[in-house]
Amino acid sequence: MYGRVAHARPFVALIAAVGIATLVGCGSSGNPTSTSSGGSTGTGAVKSSDCGTKPGVKATGTPINLGAIVTDQTGTSFADIAYMADAYFTCVNANGGINGHPIKYYIETEQTQPAQIAGDANQLVQTDQVLGIVGNTSIIECSVDSSYWQQHGFYIIDSGIAPECYSTSNSAAVNMGPRYSSDGAVQYAISQHVSKIVFDQANVPGTQHIAAGPNALAAAAHIPIVDLAETPPVTSANSVAIKEVNDAGPNGAVILNFTPPDALTILQAAQKLGIVDHVKMWGCSTPCNTDFLAQSLGAQWNSKLFVNAELTPPDSTNSKTMQLYNAILKDYGSSGPHKVAGGVGSFSQMGFTEAEIAVHALEGIKGAYTVASVNAAFKGVTNFDTGMLCQKWTYGGYSSHLPNNMDYTVTPNNGKMTTAQGCTQISSVDPDIAAYRQEAGVAPLDPTANG
Amino acid sequence: MLDVTDSPDSPAGTASALRSPLLRRPAQPTLIRAVVIVVLLVFVLFGLPQLLSLYYVDAMTQVAVYAMVALGLGVLVGRVGLMSLGQVAVLAVGAWSAARLLFGTGQPYPLVLLEAGLVTMILGTVLLLPALRLRGLYLALITLMLAGAVTVVLATLNFPNGGGGFSGYDGNQTHIPPIRRPSIATSDPAYFRYSVLVAVVMFALVAIHIRTRPGRAWAAIRQSEPSALAAGINTTAYKLWAVALASFVTGVAGGTYAGAVHYLYPYDFPAYTSITILAVVLMGGAYNLWGAVVAGLLMQLLPALLQNWGVSNDWLTILFGIGVVQVLTTAPRGLADQFPKDMAKLGHLLMGLVRRPVPAAVPETTGGETP
Amino acid sequence: MPSWQNFQPFIVTGLALGGVYALSGVGLVVLYQATGVVYLALGAVGAMGALISYSLIAAGVAPWLTWLVCLLFSGAVTLAYGMIFGPLLAKREPLVKATATLGLLLVLFGVMDLLWTTSSGKVRSLTFPTDGHGFSLGNVNITWTQVIGLAVGIAITIGTAAFLRFTKLGTAMRAMANDREITATLGVPVRRVEAAAWLGCGILAGIAGLLLADMVALDATTLTFLVISSLAAALIARLRSIVLTFVAAIVVGLVQNMLVPIPALTSYSNMAPFVLAAVALLLISRRRVITLSREEA
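Read top to bottom, the protein sequences are chains A, B and C.
Every number in this note's numbering is 1 more than the matching position in the first sequence, counting from 1.
Every number in this note's numbering is 1289 more than the matching position in the second sequence, counting from 1.
Every number in this note's numbering is 240 more than the matching position in the third sequence, counting from 1.
The structure is reproduced here in structure tokens:
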């Protein structure tokens, strides 16, 4: 069905998530947004008006149209990413705009239907006449639309999931995506000297491509690795957890690569069955990096579950950028139709970062705002301090884009995610990483990076 | 068996129906109907793409695809009284076959569609042949079970993406090539026209079946299978024929779908959609060919509209649920049949008010084979 | 081929899950016998009850009370549907009655997604106090929740069988399954008996919804379509025998779970209920009986 309530469930992808749905009618569940970050939200040095160049001045010129396509369906929703970008743009519009021009942001949601996604691209480009695409986060959009963006000259800034988000010339992501994030998780397990690795992921198109990275890393370290795949959505989590634990053995590691709901289901099943300690450690790619997950799991996961974090941990960083992020979230992202339901977390961080990059690029444009000038500006972003990543971010004219290839590892600690390992490069043993570094080199560290 | 017309078994009716041809000439002159259809077709083919944005052109292509699916299901449910709860799996098989052929061979598109339809037809009949013994409810449930099994297999096998081997799936692909379209119809509006033409061919195919011997046999079976058997009709063969036709049409729809979307994923074919398809077919009218068009519009155009207006699709799901129950309890022939009847009644009511003494002799179109 | 030791934990999960399938399977069979309706919305109504329980717990209500609310909800919705649409469709054949319940399924589905939207990482879960606590049998862990799953299945099966055999209401239900018209003429309050069957089935749906929400996932789609596994068990029992439904449900649960540790078959484990049901249906119908009555079973 065109825009349906998925049944069968759609569901797959890896992006760190923090999501809390608001309940209607039956009393609201507490909104465990982790407001403990920094503590200096609102008060203190940084106000949300610092997002723009002219605090307090509303932008009133001709608008600059931008667009985004995000997956939003039962079981998988990335709408928060676009909503946070929207909050950022709204903030900028209230504080000077882009040289006086407000940004008009069109968000299209889709339910993993290729026809719908192609239609959304048409809607944005032809009907809404957007000049640039920022904030795309979709299970398959990169695959469906990559040739479309190339044809129309769009260089999109997105949060990638499908391989084409990384392997094509017209898409650059702020995150690492499933393969490289799994690399990071496996890399950490290897550093803990486990004797066997079980890598389990959602059976989506491209599993072999995703598994190739971890397999290469494990082979280089001479550690046996078992690849498993579960058809999403995971309906027999108990069996999955038992199978993983059995295969890993007492000195092994189980590394998961699932969407947040499925990953949490498996981890909770392991907890309910009492088999958490039957392996040496559990690992997870970025989707598990949310305080919500940390709170949903019990204390026995402290320093037992190690999650790859593609972005700077918000709870343990008090930089100006993180304060601005919290301020914008509070002032512009906590109410209204585009409320960022997940609060502080990887999704909103990604939205923030993508918007930040776009605004930075747009502010540098001299002359008219056209599809050509806007996308040239996006493509021209070089060594930008996002304040949310380990490295400075570059778009560039490369054939593939992996600008974020250095990550943290976090672990739950009594309901919050805390840093277990600081910024570590993803190993060049993964051939894709090696190929990118060949073309683009190694980016310098972001000044706010830890470790 | 599902008898959406809610007519009680009437052996007498069956017997007389078998003696004389069941097909009565439709009340309206065929010429007028043909002209209407042609005008509508011309408008859809040439007018719509100019009027609609690409977003809606894409949506209308999906309407064409699912109108074909509804057509197939309508043959089963409306004509023969067989219920299928697994049409989406059939669609998936058609899409899979077409994609495999399009990637693996350079055959022209119509040939690929034909082959996809044939593969689906063979698979459908082979799977369902042992099940045709089953009575209505059990048959419906077994289609649900078979569809569920096929869905699991497809999710594991994945859809072809340009790789080699039987499955055509390469898990290592980072640049998945799109499924090609016919060379004369690569743009979205052109492919929309192509899909509409394919749908017209399918509708014509089904219409021919209905007006000839299979149609009469199906009507007899729907009326009362024991009576039909007693009258010497080979019910198994004709039921199989219906299954074959429905599978063929749905397979062709799957092939058209593959070209429309360029990329196939298991999430395109959730088992849940079979229920939605059934709901819209019942609402649109299983017995009426126009009902299949209505079903397609309900299923694909409405969600696209709602999405644009910012309304959640859940309301549509709820509407479909209510629609199913309403149709089964009160309007068995569905909207497509009910609407003209209601309009006719309204018309006569108004005329009655204007010209008192004339007793309006209402030419009811009930019972006629109104395609 | 995995070792016997590897299979053991899956046998445990299979038995527990099978027990819960039996629970809803029994509900399906009893309702079908009394009214001729295959209640396909059973999973959906249990799912919504479980979600309501979840929301109430999040709002601070005591868990045992929320479970009660869940049962009341699913019982009430099922009863309401039965009382309104039962008579309207009473004269139609079982296929039409079953299809109508699909309408209820769609409505519940839409409502659930509206009220309990899913987004980002939010996973709802229902936990029982018995989760995580258990005992070891040999070298396999068994949690109390799993024991409850199987025990409830057994209890409901025995209880229902006894109810049908020994109580007046149960006997009336069996009579109606045989021939509704004659039972009515004998003075049995047919509408009341039907109402009891609807209510009972609804409550069983609620219990199953809670248990499955804990043991599998608290997710509207998953729970709604888990009804297929119970349906498979009921179909294998030809929608007739309670005890056979229980046995079939255990078999379905076991087969589904025991395929998981076999590497070549693990992806196909979810097919097990479908295949078993299809095979059973085909084997059962080998002798074709043509009747002029509207009865299907």
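Virtual Cβ for every residue (Gly too), placed ideally from N, Cα, C.
What you are looking at is a predicted structure, and each value in this text was computed from that prediction instead of being measured.
7 Å Cβ cutoff, residue i in contact with chain B
i: Gly283 (chain C); result: no
i: Asp353 (chain C); result: yes
i: Asn510 (chain C); result: yes
i: His402 (chain A); result: no
i: Leu24 (chain A); result: Reliability fails at Leu24 (chain A), whose pLDDT of 26 lies under 50, so the model's placement of it is uncertain and no value is given.
i: Ala290 (chain C); result: no
CB contact below 7 Å: residue i versus chain A
i: Val487 (chain C); result: no
i: Thr1463 (chain B); result: yes
i: Gly372 (chain C); result: yes
i: Tyr1480 (chain B); result: no
i: Gln1376 (chain B); result: no
Pair within 7 Å by beta-carbon distance, residue i and residue j
i: Ala249 (chain A); j: Val280 (chain A); result: yes
i: Asn384 (chain A); j: Thr395 (chain A); result: yes
i: Ala262 (chain C); j: Gly393 (chain C); result: yes
i: Pro501 (chain C); j: Asn246 (chain C); result: yes
i: Ile118 (chain A); j: Ala359 (chain A); result: no
i: Ala1 (chain A); j: Ala86 (chain A); result: Because residue 1 (chain A) is not part of the residues shown, which for chain A are 2 to 452, the question remains open.
i: Asp408 (chain A); j: Glu311 (chain A); result: yes
i: Phe200 (chain A); j: Ile226 (chain A); result: yes
i: Val1358 (chain B); j: Ala1542 (chain B); result: yes
i: Thr420 (chain A); j: Pro314 (chain A); result: yes
i: Val1495 (chain B); j: Leu1360 (chain B); result: yes
i: Val241 (chain A); j: Ile211 (chain A); result: no
Contact set for residue i: own chain, Cβ-Cβ below 6 Å, skip 5 residues either direction
i: Ser170 (chain A); result: Ser400
i: Gln1462 (chain B); result: Asn1450
i: Arg1470 (chain B); result: Tyr1480, Gly1548
i: Gly374 (chain C); result: Asn381, Ile382, Thr383, Trp384
i: Gly40 (chain A); result: Low confidence applies to Gly40 (chain A): its pLDDT is 36, below 50, so where it sits in the model is not reliable enough to give any reading.
i: Val1487 (chain B); result: Thr1545
Residue i at chain C interface by Cβ criterion, 7 Å
i: Leu1435 (chain B); result: yes
i: Lys417 (chain A); result: no
i: Pro262 (chain A); result: yes
i: Asn123 (chain A); result: no
i: Leu1539 (chain B); result: A small correction: the amino acid at residue 1539 (chain B) is Thr; Leu does not occupy that position in the sequence shown. It does not; no Cβ of chain C falls within 7 Å.
i: Ile243 (chain A); result: yes
i: Val1613 (chain B); result: yes
Own chain, CB closer than 7 Å to residue i, minus 5 neighbours either side, in chain order
i: Ser1563 (chain B); result: Leu1374, Gly1375, Gln1376, Val1377, Ala1436
i: Ala80 (chain A); result: Val71, Asp73, Thr110
i: Ala300 (chain A); result: Asn415
i: Ala264 (chain A); result: Leu257, Cys285, Pro288, Cys289
Proximal residues of chain F, C-beta to C-beta of residue i below 8 Å
i: Thr236 (chain A); result: Chain labels in this structure do not include chain F; the protein chains are A, B and C.
Cβ-heavy atom distance, residue i to the ligand FAD, below 6 Å
i: Arg1470 (chain B); result: This structure lacks the ligand FAD; in fact it carries no ligand of any kind.
Same chain, Cβ closer than 8 Å to residue i, neighbours up to 5 away in sequence not counted
i: Trp1604 (chain B); result: Leu1595
i: Leu494 (chain C); result: Ile251, Gly254, Leu255, Gly258
i: Tyr437 (chain A); result: Tyr399, Ser401, His402, Leu403, Asn406
i: Val372 (chain A); result: Leu132, Gly133, His153, Gly154, Phe155
Item to complete: Tell me, please, whether the stretch 1596-1611 of chain B touches the stretch 1405-1416 of chain B by the rule of three or more beta-carbon pairs shorter than 8 Å.
Response: no
Worksheet item: Residue ranges of each alpha helix (DSSP H) run of no fewer than 4 residues wholly in the stretch 1556-1599 of chain B, ordered along the chain?
Response: 1561-1573, 1578-1585, 1591-1598
Discussion item. Please give me, in chain order, every unbroken run of the alpha helix (DSSP H) with length at least 4 that falls completely inside the stretch 230-285 of chain A.
Written reply: 238-249, 261-274
Worksheet item: If you pair each beta-carbon of the stretch 424-432 of chain A with each one of the stretch 179-186 of chain A, do three or more pairs fall below 8 Å?
Response: yes
Item to complete: Only counting runs of 4 or more residues, tell me where the alpha helix (DSSP H) segments fall wholly within the stretch 277-334 of chain A, in order along the chain.
Response: 292-297, 321-333
Worksheet item: For the stretch 1459-1520 of chain B, which segments carrying the beta strand (DSSP E) assignment without a break, of at least 3 residues, lie completely within its bounds, in sequence order?
Response: none
Worksheet item: Does the stretch 281-297 of chain C come within contact of the stretch 447-454 of chain C, defined as at least 3 CB pairs closer than 8 Å?
Response: yes
Practice prompt. Could you pull out every unbroken alpha helix (DSSP H) segment of at least 4 residues lying fully inside the stretch 171-224 of chain A, listed in chain order?
Written response: 178-192, 208-221
Discussion item. To test your reading of the DSSP string, which unbroken beta strand (DSSP E) runs of 3 or more residues are found completely within the stretch 119-168 of chain A?
Written reply: 133-137, 157-159
Worksheet entry | contact_flag[the stretch 335-345 of chain C, the stretch 277-284 of chain C] where n(CB pairs < 8 Å) is 3 or more | yes
Worksheet entry | the stretch 48-67 of chain A / the stretch 92-105 of chain A touching (three or more Cβ pairs under 8 Å) | yes
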